[in-house]
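With the sequence shown counted from 1, adding 375 to any position gets you the working numbering.
Glycine included, C-beta positions come from ideal geometry on N, C-alpha and C.
Worksheet: the structure to be examined is printed underneath.
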Amino acid sequence: MNNKGQKKATGEKPIVVESKAKQKTTGKVRKVELKSIPEIKKQTAFSRFLKTAVVAAVFLVIGMAVVYIAFYMPKSNAFSEVDTELKRLQQVEADYSQLQTDYSTMEEKHQVAVTLVDIFKIQNNVNIARIALLENDQTRLSQALDYIDRDIDTLDISSFPGITVDLKSRMDEVKKAVPKDLQKALNELELLFNDLLLLANNLEITD
376 MNNKGQKKAT GEKPIVVESK AKQKTTGKVR KVELKSIPEI KKQTAFSRFL KTAVVAAVFL
436 VIGMAVVYIA FYMPKSNAFS EVDTELKRLQ QVEADYSQLQ TDYSTMEEKH QVAVTLVDIF
496 KIQNNVNIAR IALLENDQTR LSQALDYIDR DIDTLDISSF PGITVDLKSR MDEVKKAVPK
556 DLQKALNELE LLFNDLLLLA NNLEITD
């Protein structure tokens, strides 16, 4: 029995001998397969990292938005409201200060106007006294001189503190001249009238 017959009889599988070319090709395929496995694993890990980074970035942005809406926006709105109210109060304060200044100016002008009226009253009585002297009306003259004395005493001019003293001195000269020197009395009354006119011009109301 030949060899083939022996192999069949014993049940052994035939040994297949691959060619060298086929062995080389098979080796290359195995190497490519072995190299491809780590690359796939690397790509999968990078994809996971990228997804994780994107998710983390999204949550970070959401967290920042929540913090901004929950904390920064109310504080910012409150600060804006406070700033607006502060500016409004500053404007109110400025308006109030301006009103005080205007009121003070008006008060000063009012006081000047009252003083001018008092001066004009004295001047009017001076003219009445002059007419009474010329007409030799002693009753009217005495009454006019009394009015002049009274109004000079109540005249309050803080900017000219010594003016009332000067006017009273002028009136004393008028009274001294009345009984015996008519012309001197008229001259003193004219000087008194001019002093009052000069005082009124100095107190003239200006804008």
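DSSP three-state call for Ile520: helix, strand or coil?
The residue given as residue 520 occupies position 145 in the sequence shown. Strictly speaking, residue 520 in this sequence is Leu, with Ile absent from that position. Three-state result, Leu520: helix.
Beta-carbon spacing of Met546, Ile523 below 8 angstroms
Taking the first residue of the sequence shown as 1, we reach residue 546 at position 171. Taking the first residue of the sequence shown as 1, we reach residue 523 at position 148. Yes, Cβ-Cβ distance for Met546 and Ile523 is below 8 angstroms.
Hey, out of Ala560, Phe535 and Val492, whose CA is closest to Asn511's CA?
Position 136 of the sequence shown, counted from the start, is the residue given in the question as residue 511. The candidate whose alpha carbon is nearest that of Asn511 is Ala560.
Where Leu574 falls: helix, strand or coil (DSSP):
Within the sequence shown, numbered from 1, the residue matching residue 574 stands at position 199. Residue state, collapsed to three classes: helix.
Three-state secondary structure (DSSP) at Gly537?
Taking the sequence shown and counting its residues from 1, the one referred to as residue 537 is at position 162. Here Gly537 sits in coil by DSSP.
Check Glu321 in the structure and name its three-state DSSP category.
The structure shown has nothing for residue 321, since the chain only spans 376 to 582.
Put Ile532 into one of helix, strand or coil per three-state DSSP.
For this step, residue 532 is matched to residue 157 along the sequence shown. DSSP places Ile532 in coil when its eight states are reduced to three.
Just how far apart, CA to CA, sit Ala396 and Val429?
Taking the sequence shown and counting its residues from 1, the one referred to as residue 396 is at position 21. Taking the sequence shown and counting its residues from 1, the one referred to as residue 429 is at position 54. Low per-residue confidence applies at Ala396: pLDDT is 48, beneath 50, and the placement is therefore not dependable, though the value from the model is reported in the following sentence. Straight-line Cα distance between these residues: approximately 50 angstroms.
What number of angstroms, rounded off, separates the C-alpha of Thr539 from the C-alpha of Gln466?
The sequence position of residue 539 within the sequence shown is 164, counting from 1. The sequence position of residue 466 within the sequence shown is 91, counting from 1. Taking the straight line from one Cα to the other gives about 45 angstroms.
Rounded to whole angstroms, how far is the Cβ of Ala519 from the Cβ of Asn500, which I believe are closer than 8 angstroms?
Taking the sequence shown and counting its residues from 1, one reaches residue 519 at position 144. Taking the sequence shown and counting its residues from 1, one reaches residue 500 at position 125. The beta carbons of Ala519 and Asn500 sit about 5 angstroms from each other, so the pair counts as a contact at 8 angstroms.
Candidates Pro554, Phe495 and Asn562: which alpha carbon is nearest Gly576's?
Here residue 576 refers to the residue found at position 201 of the sequence shown. Reading the sequence as shown, one finds Asn at residue 576 and not Gly. Answer by Cα proximity: Phe495.
Would you call Val489 buried or exposed, if buried means 16 or more other Cβ atoms sit within 10 Å of its Cβ?
By one-based count along the sequence shown, residue 489 stands at place 114. Its Cβ having fewer than 16 others within 10 Å, Val489 is exposed.
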